[in-house]
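Input: a single structure, listed below in structure tokens.
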Amino acid sequence: MRLTVLGCGTSTGVPVIGCSCPVCRSTDPRDRRLRTSLLIEEGSRRLVIDSGPDFRAQALRQALDTVDGVLYTHGHADHVLGLDDLRPLSFRRGIDIWAEKNVLEQLNRMFPYAFVPGDGMNSRPKLREHVIQEGERFEASGFEILPLRVVHGKDSILGFRVGRAAWITDCNEIPQVSQDLLKGLDVLFLDGLQERSHPTHFNFEQAVVMAQKLGAGQTYLIHIGHEIRYKDLLKRLPAGIEPAWDGLTWEDKKAKKNRL
Ligand SMILES: [Zn+2]
Ligand SMILES: [Zn+2]
Ligand SMILES: [Zn+2]
Numbered sequence: 182m183r184l185t186v187l188g189c190g191t192s193t194g195v196p197v198i199g200c201s202c203p204v205c206r207s208t209d210p211r212d213r214r215l216r217t218s219l220l221i222e223e224g225s226r227r228l229v230i231d232s233g234p235d236f237r238a239q240a241l242r243q244a245l246d247t248v249d250g251v252l253y254t255h256g257h258a259d260h261v262l263g264l265d266d267l268r269p270l271s272f273r274r275g276i277d278i279w280a281e282k283n284v285l286e287q288l289n290r291m292f293p294y295a296f297v298p299g300d301g302m303n304s305r306p307k308l309r310e311h312v313i314q315e316g317e318r319f320e321a322s323g324f325e326i327l328p329l330r331v332v333h334g335k336d337s338i339l340g341f342r343v344g345r346a347a348w349i350t351d352c353n354e355i356p357q358v359s360q361d362l363l364k365g366l367d368v369l370f371l372d373g374l375q376e377r378s379h380p381t382h383f384n385f386e387q388a389v390v391m392a393q394k395l396g397a398g399q400t401y402l403i404h405i406g407h408e409i410r411y412k413d414l415l416k417r418l419p420a421g422i423e424p425a426w427d428g429l430t431w432e433d434k435k436a437k438k439n440r441l
């Protein structure tokens, strides 16, 4: 199994439109953060977690020619607005999408044309919807996925564990029951927005505390804002915790042996 960070940026992306702060003006490619999304691959099987407004750019950069399915963490714009750009990848075989019921309802409201029943002669995305629930494992394109609950301000959304890896974006709290399901990870991707505290995201300090509690072999922070450069954040994080960057890949050669 191979994981590729398609984007590790906060909702605005970095650089932020109209901002001339040092991070937004940085020439380090690791300071350019597209909206948060992950690619999961094994052989020719490919899943994506979330399709935000940067999905088109991410798919082109990654030269994606197929995607079997998309797992949605929640319905916020920075995680779903690229749904329409699934179209060219969906025409041949269709694309499966997995999300909680309320998120699928939200997607239906945001993109009603994409969910009109019947094939029709048109250029709509061809999507197959699947309802998922926290704590209930499911198979997606041959990957065994465990969705788990995390708290995102007033919302409660999903994180995903696949094998000994987990992707936990957009959260300011992880309930104990989910923490218990996040033990024994080789790699954890975890929300870490900024220095200051925030009502719906872990700040760096909270992310570090949670990462150390969960004890993954390696933790990468995601959904990062424009307050700090990659290299400065890297310096101040403890061993085993690093900021992610767009294009980072992680390979689990033991994945087959280490099914959940
Ligand atoms: Zn977000
Ligand atoms: Zn900025
Ligand atoms: Zn969100």
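The C-terminal position of the sequence shown is numbered 441 in the numbering used here, with every residue numbered one higher than the one before it.
Where is the CB? At the ideal position from N, CA and C, for every residue including glycine.
Since we're looking at a predicted model, the values are computed, not measured.
Is the region 182-196 in contact with the region 229-236, if contact means three or more CB pairs nearer than 8 Å?
Contact between the region 182-196 and the region 229-236 is present, because at least three Cβ pairs lie under 8 Å.
Provide the residue span of the alpha helix (DSSP H) that contains GLN314, from first to last.
Within the sequence shown, residue 314 is the residue found at index 133, counting from 1. Here GLN314 belongs to no alpha helix (DSSP H), and DSSP marks it neither H nor E.
Would you list the residues sitting across from ASP336 in a DSSP beta bridge?
For this step, residue 336 is matched to residue 155 along the sequence shown. ASP336 is bridged to HIS333.
Going along the chain, which residues of its own chain have a beta-carbon closer than 7 Å to the beta-carbon of MET391, five neighbours each way excluded?
Residue numbering aside, residue 391 sits at position 210 when the sequence shown is read from its first letter. Within the same chain, MET391 has close Cβ partners ILE355, LEU371, PHE383.
Give the straight-line distance between the Cα atoms of ALA346 and GLY199, rounded to the nearest whole angstrom.
In the sequence shown, the residue the question calls residue 346 occupies position 165. In the sequence shown, the residue the question calls residue 199 occupies position 18. Taking the straight line joining both Cα atoms gives about 36 Å.
Distance check for LYS307 and SER418, CA to CA, integer angstroms please.
What you label residue 418 is simply residue 237 of the sequence shown in a count that begins at 1. What you label residue 307 is simply residue 126 of the sequence shown in a count that begins at 1. It is Leu, not Ser, that sits at residue 418 in the sequence shown. So the two alpha carbons sit approximately 43 Å from each other.
Does DSSP put PRO210 in a helix, in a strand, or in coil?
Here residue 210 corresponds to residue number 29 of the sequence shown, with the count starting at 1. Note: PRO210 maps to helix in three-state DSSP.
For the pair the region 285-301 and the region 315-324, tell me if three or more CB-CB distances fall below 8 Å.
Counting Cβ pairs under 8 Å, fewer than three are found: no touch.
Checking the sheet assignment: what are the DSSP bridge partners for GLN399?
Translated into positions along the sequence shown, residue 399 becomes position 218. In DSSP, GLN399 forms a bridge with VAL368.
Measure how close the beta-carbons of HIS333 and HIS260 come, nearest whole angstrom, since I'm counting them as under 8 Å.
For the purposes of this step, residue 333 is identified with residue 152 of the sequence shown, where counting begins at 1. For the purposes of this step, residue 260 is identified with residue 79 of the sequence shown, where counting begins at 1. Contact doesn't hold; Cβ gap of about 11 Å is too wide.
Can you tell which of HIS311, PRO210, CYS352 has its C-alpha closest to the C-alpha of ARG330?
By one-based count along the sequence shown, residue 330 stands at place 149. Nearest C-alpha to ARG330: CYS352.
Ignore the nearest five residues each way along the sequence and tell me which others in LEU270's own chain have a CB closer than 8 Å to its CB.
Numbered from its first residue, the sequence shown carries residue 270 at position 89. Here the set comprises ALA240, LEU245, ASP246, THR247, VAL248, ILE276.
Tell me where the alpha helix (DSSP H) around ALA258 begins and ends.
To locate residue 258, count along the sequence shown from 1; it is residue 77. From DSSP, the alpha helix (DSSP H) with ALA258 extends over 258-261.
Please work out which residues of its chain come closer than 8 Å, Cβ to Cβ, to GLY188, disregarding the five sequence neighbours upstream and downstream, and give them in chain order.
Here residue 188 corresponds to residue number 7 of the sequence shown, with the count starting at 1. These residues qualify, in order along the chain: GLY194, ARG214, LEU215, ARG216, THR217, SER218, GLY233, ASP235, GLN239, ASP427.
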